[in-house]
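Enquirer: Numbering (the working numbering), first residue to last: 8 to 170. Where is the CB? At the ideal position from N, CA and C, for every residue including glycine. Just so we're clear, the structure is a prediction, and the values are computed from it rather than from any experiment.
#1: Between which two residues does the alpha helix (DSSP H) harbouring residue 139 extend?
#2: In the DSSP assignment, what are the bridge partners of residue 28?
#3: Determine, using beta carbons only, whether residue 157 and residue 148 come nearer to each other than 8 Å.
#4: Going by other Cβ atoms of all chains shown within 10 Å of its Cβ, with 16 needed for buried, is residue 8 buried or exposed?
#5: With H, G and I counted as helix, E and B as strand and the rest as coil, what does DSSP make of residue 64?
#6: Between the alpha carbons of residue 32 and residue 24, how many angstroms are there, rounded?
#7: For residue 36, which three-state DSSP category applies?
#8: Count the other CB atoms within 10 Å of the CB of residue 138; is the residue buried (16 or more) or exposed (fewer)?
#9: Does residue 78 come out as helix, strand or coil in the three-state DSSP assignment?
#10: Output the distance between the C-alpha atoms of residue 93 and residue 40, rounded to the nearest integer angstrom.
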């Protein structure tokens with residue numbers, strides 16, 4: 008990812024000429040603004056640990072609740088911790104632990120200007136939204152038909168090793 012995003016570093020700092028759809032030339036600053044990935048990939052790029060929110064500070068037992076308070080992460084201490092790799096591994100490990108991230112040595116977004124990876128994380132529609140809907144639909148069906156009837160209908164599925 009560092010190699011792919013490397014051209015964004017100079018133009019993100021100095022800007023470049025960009026032409027809009029109506030032909031007007033503007034001075035723009037292209038930025039890496041969105042990271043799309045499933046939950047394990049989100050944790051990998053943000054340096055968070057399993058069970059934590061990749062966007063902000065949320066209590067572990069409230070992760071996924073709509074009414075949970077999510078305090079956005081301050082990127083400056085995280086950037087300072089990731090830049091402390093030059094001070095030796097022990098100092099780097101302690102700095103990363105102090106801000107609550109894994110000690111990732113060459114994180115791809117470290118040199119990108121105006122980058123806050125935590126603000127770039129998008130919802131994982133397939134795993135978080137779709138499976139959440141399926142989970143709720145099944146809970147409603149169990150309330151309507153009962154657990155035994157749902158189990159009996161699932162047992163009637165033809166054998167399929169791909170399910």
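Expert: Straight from the coordinates:
#1: 138–152
#2: Partner(s): none; residue 28 has no beta bridge.
#3: yes
#4: exposed
#5: strand
#6: 6 Å
#7: coil
#8: exposed
#9: strand
#10: 28 Å
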